[in-house]
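S.K.: Handing you this structure, nothing more for now.
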Amino acid sequence: MEDLNIQFKILLLQKEIPMTNKIYYLASCDTCRKIIKSLPNSDRLEFHDIRENPITEPELEELHSLSGSYEALFSKKAQLYKSLDLKNKTLTEDDYKKYLLQQYTFLSRPVILLNGEIFIGNTQPNILKLTKAMASV
């Protein structure tokens, strides 16, 4: 798996895979809408509503290669996480990947790809860093 991530990064650097500025979000999420509205130059992002257009395995692999783990992309605040009692289970990276591909609600939102960098979730420090980065796009 590590070799696959290295190969992906090499292809990205060689620009064989186009680098897109993209936001993975949920259109019905008030927090996502509020963040998008507050971002400068948000019109320069490609919008990907994860409910209408579920994340694919290649897209998830791209996010994984930038974030370093599936767990970093996984929302432990999701209601389904609690209802499935996942907090009392020991989840592996393969488990996180499986759940992320099965159910959009497990993706920590929003996830923004910007100039080869990834911003995950809606914490205030993350949004401040993202806002600074978006100002120069």
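Taking the working numbering, I'd label the letters of the sequence shown as residues 0 to 136. No residue lacks a Cβ here, since even glycine has one placed at the ideal position from N, Cα and C. Note that the coordinates shown come from a computational prediction; the quantities given were computed from them, not determined experimentally.
Which residues mark the beginning and the end of the alpha helix (DSSP H) in which Tyr-98 is found?
M.R.: 92 to 101 is the span of the alpha helix (DSSP H), which, as asked, contains Tyr-98.
S.K.: Identify, in the order they occur along the chain, each residue of the same chain with its Cβ nearer than 8 angstroms to the Cβ of Glu-116, setting aside the five sequence neighbours on each side.
M.R.: Excluding sequence neighbours, Glu-116 sits near Leu-65 and Ala-132.
S.K.: Is His-47 near the ligand NAD, in the sense that its beta carbon is under 6 angstroms from a heavy atom of that ligand?
M.R.: Because no ligand of any kind appears in the structure shown, any question about the ligand NAD cannot be addressed here.
S.K.: Assign Lys-75 to one of three DSSP states: helix, strand, or coil.
M.R.: Residue state, collapsed to three classes: coil.
S.K.: Could you check where the alpha helix (DSSP H) with Lys-131 kicks off and where it finishes?
M.R.: Lys-131 -> alpha helix (DSSP H) spans 123 to 134.
S.K.: Which term fits Glu-15, buried or exposed, when burial requires 16 or more other beta carbons within 10 angstroms of its beta carbon?
M.R.: The predicted model places Glu-15 with a pLDDT of 49, which falls under 50 and marks its position as unreliable; any figure quoted below should be read in that light. With fewer than 16 Cβ atoms within 10 Å of its Cβ, Glu-15 is classed as exposed.
S.K.: By the 10 Å Cβ neighbour count, where 16 or more other Cβ atoms means buried, how is Ala-77 classified, buried or exposed?
M.R.: Classification of Ala-77: buried, given that the 10 Å Cβ count is 16 or more.
S.K.: What separation, rounded to the nearest whole angstrom, lies between the Cα atoms of Asn-87 and Phe-73?
M.R.: Approximately 15 angstroms between the Cα atoms of the pair.
S.K.: Please state if the CB of Thr-19 and the CB of Glu-45 are separated by a distance shorter than 7 angstroms.
M.R.: The answer is yes: Cβ separation under 7 angstroms.
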